[in-house]
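Structure first, commentary second.
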Amino acid sequence: MKKILQIAWREFSTTVLTKSFLIGILLVPAIMAVMIAVVPLLLKNNAPHIEGHVVIVDPSGKVAAQLTEQLSPVGFAQRRLAQQQDIRDALPEKLRDLSAAAVDNTLLKKRFDEAMGKAPSLMVDTVDAGKLDAAKDGLRDEGQLAVIAIDPDAVEASAEGGKLGSYRLYVREKLDSRLIDELRDAVKASVISARFAARQMDADEAVRLTKVASVTPVVVSKDGEKRSSDAARELMPMAFLFLIFLGVMTGGQQLMTSTIEEKSSRVVEVLLAAVSPTELMAGKILGQFLAGGLLVLIYGGMGVAALASLAMLGLLDPWLLFYTLIFFVIAFMMLASLMAAIGAAVNELREAQSLLSPVMLVLVLPMMLWPLISRAPDSGLAVALSLIPPINPFVMILRMATNTPPPLWQVWLSIGIGIASAFAAVWFAGKVFRVGLLMHGKPPNFRTLWRWVRMS
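Per the numbering used here, the very first residue in the sequence shown carries number 0; after that it's consecutive.
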């Protein structure tokens with residue numbers, strides 16, 4: 000046991016106590032911090048104040064006045080306030096509550112204003128339909144920004160029950176896309192308002208009557224009631240799947256790489272003079288398991304801290320963290336032991352690719368099925384995959400992180416199947432490890448690996 004622990008510490012220290020590992024741990028939070036701090040500054044610097052000339056062609060004469068008002072500084076300000084409110088309404092209810100007391104001084108408003116820049120200063124003219132071509136020619140001038148041509152039947156159809164028209168928007172070359180979007184919004188609002196007015200309807204009243212505030216659904220179960228959200232339902236399963244994937248991939252890949260390096264450099268022959276192949280494999284797996292587990296704890300802790308800072312900790316079930324650790328252990332023992340066997344069987348990293356492909360498929364398949372499983376966690380496919388090794392740890396944690404977790408008996412059945420499969424994988428890897436470490440020459444295929452298992 001002492002030798003196993005010594006090998007484990009050597010594997011752990013040579014992996015964790017390196018610059019690359021430390022940089023890898025800090026890289027993701029550093030990128031997130033840079034995005035939060037720098038991107039708004041870049042947006043702010045790239046949102047210049049726009050001044051220029053906009054021409055309106057309105058044959059019906061029913062849209063131009065409203066559109067001119069929409070393109071005034073007051074009109075831009077009102078639409079931006081409405082957009083900010085729409086964004087705020089789309090946030091989870093807990094985040095909306097945080098910003099409700101400071102509507103005029105929120106981080107959302109600040110970031111929105113920085114991204115959009117100062118409201119444009121536009122000089123708006125209305126011309127006859129016959130001057131449309133001349134107005135379009137003016138777009139080659141730097142002072143003219145856009146020409147908005149309203150269809151004659153945009154407000155009232157030319158025939159009873161006929162289709163209503165729309166508009167055409169002509170812009171100068173390289174016009175800021177944010178201004179183009181705001182012009183579209185202004186025209187849309189003006190046309191809708193004109194249509195209501197033509198039918199002697201109050202546009203504001205119609206919008207008020209047709210607008211229904213979004214709410215966060217309340218899930219009622221045997222355990223009581225809890226609030227949920229579409230975003231949480233979609234992202235929480237992926238977060239837990241990513242934790243297990245990260246730990247298994249990091250530890251397993253490093254385990255395979257170090258085994259190949261030791262074999263190709265003949266260091267393993269020196270090690271086998273002091274320890275048995277079983278002790279060497281056990282120590283290497285234990286050391287890389289601790290390294291992968293450290294990553295899971297660090298990133299899991301960061302996720303919990305992020306939820307706490309957003310007052311969304313109630314979305315997290317503490318038992319889910321416990322089961323995540325269990326399924327991480329099972330997944331690591333199954334897949335990392337197979338990676339160790341592959342590392343012992345080949346002479347170079349290039350030779351490992353063909354043998355590694357099935358293992359990588361196991362890691363990637365749950366991510367491909369994530370949307371399907373998170374939307375229908377009780378479907379026959381989801382239940383079957385959560386009981387089939389070696390992907391059952393990944394699929395089961397996906398099911399458990401949804402709003403409709405599986406029955407407890409299915410969870411523990413999956414754990415039992417996973418433990419049995421992990422023992423089988425370790426047994427298989429041990430046989431291959433014992434024979435393959437001292438084998439050199441032609442890289443083996445799966446039939447050769449099975450022959451080694453039978454030999455030992």
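Yeah, the Cβ is synthetic: ideal placement off N, Cα and C, and Gly gets one too. In this text, all values refer to a predicted model and were calculated from it rather than measured experimentally.
query                                                                                                                                              : result
Over the uninterrupted beta strand (DSSP E) stretch that includes Asp316, give me the two end residues.                                            : That residue, Asp316, is in no beta strand (DSSP E); it is neither H nor E in DSSP.
Would DSSP call Ala148 helix, strand or coil?                                                                                                      : strand
Please state whether DSSP places Ala383 in a helix, a strand or coil.                                                                              : helix
Between which two residues does the beta strand (DSSP E) carrying Thr401 extend?                                                                   : Here Thr401 belongs to no beta strand (DSSP E), and DSSP marks it neither H nor E.
Which residues in the same chain have their Cβ closer than 8 Å to the Cβ of Ile297, if we skip the five residues on either side of it in sequence? : Ile24
Exposed or buried, Phe445, counting other C-beta atoms within 10 Å across all chains shown (16 or more means buried)?                              : exposed
Quick check: the Cα distance between Pro72 and Asp136, rounded to an integer number of angstroms?                                                  : 26 Å
Following a CB-centred definition, is Arg433 positioned closer than 7 Å to any heavy atom of the ligand ADP?                                       : Among the components modelled here there is no ligand, and therefore nothing to report on the ligand ADP.
To the nearest whole angstrom, what separates the beta carbons of Ile390 and Pro357, a pair I think is in contact under 8 Å?                       : About 11 Å; that fails the 8 Å criterion.
I want to know whether the region 325-344 touches the region 252-261 - three or more CB-CB distances under 8 Å.                                    : yes
Hey, Gly251 and Leu334 are a contact pair by Cβ (cut 8 Å); roughly how many whole angstroms apart?                                                 : 6 Å
Can you check which of these residues, Leu21, Glu347, Phe288, is closest to Arg469 by C-alpha distance?                                            : Any property of residue 469 remains undetermined from this structure, which presents the chain solely from 0 to 455.
If we call anything under 8 Å between Cβ atoms a contact, is Ile329 one with Ile387?                                                               : no
Taking DSSP as the reference, what is the three-state secondary structure of Ser165?                                                               : coil
Indicate the three-state DSSP secondary structure (helix, strand or coil) for Val53 in the structure shown.                                        : strand
Where does Gln199 sit, in a helix, a strand or coil, going by DSSP?                                                                                : coil
Would you report the Cα separation of Val56 and Thr209, rounded to the nearest angstrom?                                                           : 30 Å
Could you tell me whether the Cβ atoms of Leu397 and Pro236 are closer together than 8 Å?                                                          : yes
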